[in-house]
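>
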Amino acid sequence: MKGIFLTLFALLFALFPLSLAACGASSPDSYTMVLVYEPATRTLAGEMTVRLENRTGSAWETVKFQLWPNAFREEAKYLPVSEAYAPAVYYKGASFGGFSLTSMEGGEARVAGEDENILVVTPPAPVYPDERITLTMRFTVLLPEIEHRLGVGQRTVNFGNFYPILCAWGEGGFCEHVYACCGDPFVSGIADYDVTFTLPASYHVAHTGTGTRTEENGLATYHVRAEGVRDFAMVCSEQFTVHTSEASGIPVTYYALDDADPARTLQVACESLSYYADTFGAYEYPAYTVVETGFPYGGMEYPMLSLIADDLPVSEVPLVVAHETAHQWWYVMVGSDQYHEAWQDEGLAEYSAALFLEAHPEYGRTYADMIASSERAYRAYYSVSSQLSRGETAMRRALTDYTGDYAYRSLAYDKGVILFDRLRQTVGDSRFFACIKEYARAYNGKIAPAEALVSCFAARAPQAEGIFAAFLDGLCVI
Ligand SMILES: [Zn+2]
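Counting from 629, one number per residue, gives the positions in the sequence shown under the working numbering.
(1) Taking the beta strand (DSSP E) that Ala949 belongs to, which residues open and close that run?
(2) Pairs of beta-carbons, one from the segment 840–854 and one from the segment 682–693, closer than 8 Å: are there three or more?
(3) Would the beta-carbon of His776 be found less than 7 Å away from any heavy atom of ligand 1?
(4) Can you name the start and end residues of the beta strand (DSSP E) that Gly1094 belongs to?
(5) List, from N- to C-terminal side, the beta strand (DSSP E) runs of 3 residues or more that fit wholly inside the segment 702–782.
(6) Taking all protein chains shown into account, decide if Pro792 is buried (16 or more other Cβ within 10 angstroms of its Cβ) or exposed.
(7) Could you spell out the range, first to last residue, of the alpha helix (DSSP H) harbouring Tyr979?
(8) Per DSSP, which one or two residues make a beta bridge with Ser964?
(9) Where do the ends of the alpha helix (DSSP H) carrying Ser816 lie?
(10) Using beta-carbon positions only, say whether Glu843 and Asp758 come within less than 8 Å of one another.
(11) Quick one: grab the DSSP three-state call for Ser647.
(12) DSSP on Met1023, reduced to helix/strand/coil?
(13) Alpha helix (DSSP H) containing Arg1059: first to last residue?
(14) Check Val942 in the structure and name its three-state DSSP category.
(15) CA-CA distance, Ala668 and Pro828?
(16) Identify, in the order they occur along the chain, each residue of the same chain with its Cβ nearer than 6 Å to the Cβ of Pro924, setting aside the five sequence neighbours on each side.
(17) Going by DSSP, what residues sit across from Gly674 in a beta bridge?
(18) Have a look at His968 and Leu847 and give me their C-alpha separation to the nearest angstrom.
(19) What do you reckon, are the CB atoms on Arg783 and Ser865 nearer than 8 Å?
(20) Using DSSP bridges, identify the partner residues of Asp820.
(21) Residues in its own chain within less than 6 Å of Leu1027 by CB, not counting five upstream and five downstream?
(22) Cβ of Glu969 within 7 Å of any heavy atom in ligand 1?
(23) Give the single residue among Arg679, Pro697, Pro708 whose Cα lies nearest to the Cα of Tyr821.
(24) Per DSSP, what kind of secondary structure is Met998 in: helix, strand or coil?
(25) Specify the secondary structure class of Tyr1030 as computed by DSSP and reduced to three states.
(26) Please name the residue in Val1012, Ala737, Met998 whose C-alpha comes closest to that of Tyr1034.
(27) Starting from Pro890, trace the beta strand (DSSP E) in both directions and tell me its first and last residue.
(28) Does DSSP put Arg679 in a helix, a strand or coil?
(29) Identify whether Cys864 lies in helix, strand or coil by the three-state DSSP scheme.
(30) Less than 8 Å separating the beta-carbons of Gly798 and Arg858?
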């Protein structure tokens, strides 16, 4: 089996010749990948060509990429899961993975960063504003045996955050983020993806984007494209059942494992996609996929693809699917700094789920229930937190500054829901929904600073600014 894979890998490389620095008219950044997964060795082999344009005002002496797979290596300083979750997700005990660069064309590469989390590429000459650069790299990723964003689980293989992705650009240059066991430490811009992925034909793959599957000699090859997305992810399994429907003309697919009611889960995905499109603005991609998989935190969002955990209680499925689907607006289309302002997308996604459930009482959870539940949870957290010397009430903090999963959940989700409910009560439905729509429209395809969201509200309701400040700084009483 291994020989077949290596031969195929060499063939695929031959079909996709390397290219070096290019220039020309402005076009979207792009990632072109040729990937082969070998289950026996838990290894993904890849060749990736990245075409980038310097849209910043500074010359790039180096180009930096996040190396998220290295968070799973044995020596990692910033662990991908907290101690509380580790026993459950490492279902066979400790297991490790990591990223190895085989070659780089278009610049000199080295692995750096605080936790070997950054791939630094030095091109032969600086890349000046409006200039373009093309890099081609070959690499392998060893997947740990873990039920997490990247790993071989008991029934599925998750490929989240598996390849080098361009660091977001900040005031000080490329932002370098270490992994965080609380929250989603991923901040990235928009790009086009063209991915060719080969693995044994016994597997089926849920993925970002749309494309085709072909089979030959016991292998399946997916050729997938996705335009204008922030990331690319896949989930593979030999056990999926596939369920399809549509939402306002968008094909929606649900890859299920042993969901007791897959039709209902698919229905929530379709109805929430339609509801958000009506409420916030159009869903701009040609398809949407939900996949059931081994995952510790309920769900996880990727562009055009939502993961939901395979151990969700039936009663929680509508909320989780509605929350993850809302991330297609709050994270995918409207980006934000998830590392320092987790409340901005998580609070909005959870609050959006409350709005969806308000509009769909048949799922058994009312809007009032959702708000009351968030208030109860936050007050319980506050009573514990305030008795500790380090009482945490401010919502603006880096993921690494949360004391744990409980504080993260309470501040980014529960307090976020309360914030948006208070805003709605204060400014009224008409202005509230106008503000949200304007935020979705104005920052589609961008990374919106927190101040942008505040400004969208303040422009229509000046009192909103004080409400945001009181919540974000942790001074309000709930
Ligand atoms: Zn979320």
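C-beta: ideal position from N, C-alpha, C; glycine also.
On the basis of the data shown:
(1) Reading off the sequence, residue 949 comes out as Val, not Ala. Careful: Val949 lies outside any beta strand (DSSP E), inside the alpha helix (DSSP H) at 945–954.
(2) Output reads no: the segment 682–693 does not touch the segment 840–854.
(3) Remark: the shortest separation between the CB of His776 and any heavy atom of ligand 1 does not fall under 7 Å.
(4) Element bounds for Gly1094: not the beta strand (DSSP E) but the alpha helix (DSSP H), 1092–1101.
(5) If one requires a minimum length of 3 residues, the beta strand (DSSP E) runs lying completely within the segment 702–782 are 726–733, 736–740, 746–750, 760–770, 778–780, in chain order.
(6) Residue environment for Pro792: buried (at least 16 other C-beta atoms within 10 angstroms of its C-beta).
(7) Start and end: 970–987.
(8) Bridge partners of Ser964 according to DSSP: Ala1076.
(9) For Ser816, there is no enclosing alpha helix (DSSP H), as DSSP marks it with neither H nor E.
(10) For Glu843 and Asp758, no; Cβs fall outside 8 Å.
(11) Caution is warranted here: a pLDDT of 36 is assigned to Ser647, below 50, making its placement in the model unreliable, and no coordinate value can be reported.
(12) When DSSP states are grouped into helix, strand and coil, Met1023 belongs to the coil group.
(13) Counted as a single uninterrupted DSSP element, the alpha helix (DSSP H) harbouring Arg1059 occupies residues 1057–1070.
(14) In the three-state DSSP reduction, Val942 falls in the helix class (H, G or I).
(15) Distance between the alpha carbons of Ala668 and Pro828: 11 Å.
(16) Within the same chain, Pro924 has close Cβ partners Tyr713, Val717.
(17) Beta-bridge pairing links Gly674 to Leu663, Phe767.
(18) Between His968 and Leu847, the C-alpha separation is close to 42 Å.
(19) Yes, these two residues count as a Cβ contact at 8 Å.
(20) Answer by DSSP bridge pairing, in chain order: Ser658.
(21) Once the five neighbours on either side are set aside, the close Cβ partners of Leu1027 are Ala808, Cys810, Gly811, Pro813, Tyr967.
(22) No, the Cβ of Glu969 stays beyond 7 Å of every heavy atom of ligand 1.
(23) When each option's Cα is compared against that of Tyr821, the closest is Arg679.
(24) Shown here, Met998 sits in a helix according to DSSP, grouped into three states.
(25) Assigned with DSSP and collapsed to three states, Tyr1030 falls in coil, not helix or strand.
(26) Across the set Val1012, Ala737, Met998, the C-alpha of Val1012 shows the shortest separation from the C-alpha of Tyr1034.
(27) Annotation: Pro890 is outside any beta strand (DSSP E); the continuous alpha helix (DSSP H) that includes it extends over 890–908.
(28) Residue state, collapsed to three classes: strand.
(29) Three-state result, Cys864: strand.
(30) With respect to the 8 Å criterion, Gly798 and Arg858 are not classified as neighbours on the basis of their beta carbons.
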